[in-house]
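Everything on this sheet refers to the single structure shown next.
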Amino acid sequence: MRYLITITTLLLTASLLTACGSTEDSGEKRPVSYLKDGESAKDGQSDGGATTDTGIADTGKPDTGAAKDSGGFPDGFFDPPDAGGNEEDGGSEDTGPVFQGPVGKLYAHTSGELYNLDLKSKAFVKIGKFTFDKNEGKITDLAVNKYGKIFAISSDHLYECASETAKCAWLAKLPSPFNGMTFVAEGVVTDGKEALIGISDKGVWTHIDTESGKVKLKNLGSYGGGWLSSGDAFSVVGVGTFATLKGKGKTDTLAKVNAKTGKIEKLLGETGAIGLFGLAWWNGVFYGFSKTGKVYTLDTSTGKGTEVKGLTVPKDVSWWGAGVSTRANGG
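Each residue of the sequence shown is one higher than the one before, counting from 10 in the numbering used here.
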């Protein structure tokens, strides 16, 4: 009888364990875009159509070399962490945050450091030195999406960088190099989602498509007319899409461009400055950031740049790029 009780007990215990499921860790990881500061991203990640140009033109921003790894993008890569159903309300679908006022900050960066330009104090506030979990490089530009997330490139590598620390998680190797980058609003290039745009030195406007889980580049067009990229562009809802150009004239030129194709819609005029590697908009004003460390306001009628006086600028700084959210206007 004692043995019968023991066997019965063992069978009952096994049955209960099976019903409750395994206690092993499933190995599921959070998407890289939800990483906390200090965590590492999980390995994974043109002209004439879908082909890519692997040549690297002299942009004044050194190439950092090719990576040996390739990466993939998880579902919801560009979505906010809090997107999803609300169980307390009966599982109704959450359409995302409501935008109230400007999103993000006015960012500028060197090849190795991230700053916020605080216009109230007229000072650059250092956020931090760019650090990398892998494939360290010199940051050639950054872009900020509608949720305020920062994405950066080092010529041909893509990262997500924490806006409060400048810690960067490597995401993928890009099959083609870019010297500029911006997001454009949802519905312009892809239905219902923002599109990340890479800009080559030759002025080619390229969609960096991550929908398939791998990086795919799709040529959307170019500035045209022999114009080249000076180094940056921005696209803000309610303001428009603008870029700094070079290749004609004595100094860089400010232009309004088509967000879908990159084609020049209107040449606003020469800025009077050379090497405007950064371009951004904030509170009704266009700002150009020069490789010489100077900052200019740009006239939207003539393109003319006026140096901003009285700024507290880091010593011997050289600006390599700038960026604001597509919702910097609060739209």
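Glycine is no exception: its CB is placed at the ideal position from the N, C-alpha and C atoms.
Check, Outcome
"Backbone secondary structure at Ala4 - three-state DSSP", "Because residue 4 is not part of the residues shown, which for the chain are 10 to 340, the question remains open."
"Close Cβ partners of Lys155 (< 7 angstroms) along its chain, the five nearest in sequence each way excluded", "Val112, Glu203, Ser334, Thr335, Arg336"
"For Tyr124, the first and last residue of its enclosing beta strand (DSSP E)", "122-127"
"Simplified DSSP state of Thr8, which is helix, strand or coil", "Any property of residue 8 remains undetermined from this structure, which presents the chain solely from 10 to 340."
"Assigned secondary structure, Ser310 (DSSP; H/G/I helix, E/B strand, else coil)", "coil"
"Contact check, Gly314 vs Leu307, beta carbons under 8 angstroms", "yes"
"Exposure of Val294, with buried meaning 16 or more beta-carbon neighbours within 10 Å", "exposed"
"Under 8 angstroms between C-beta atoms of Phe187 and Ile162", "yes"
"Three-way DSSP call (helix, strand, coil) for Ser299 in this model", "strand"
"Contacts around Val326, its chain only, beta-carbon distance under 7 angstroms, and the 5 residues preceding and following it disregarded", "Thr119, Gly302"
"Contained beta strand (DSSP E) runs [length at least 3] in the segment 166-204, N- to C-terminal order", "166-170, 176-182, 189-193"
"CB of His403 within 8 angstroms of CB of Val245, strictly", "Coverage of the chain is limited to positions 10 through 340, which leaves residue 403 absent and any answer about it impossible."
"Contact under 8 angstroms by Cβ, Thr280 with Thr260", "yes"
"Three-state class that DSSP yields for Asp241 in the structure shown", "strand"
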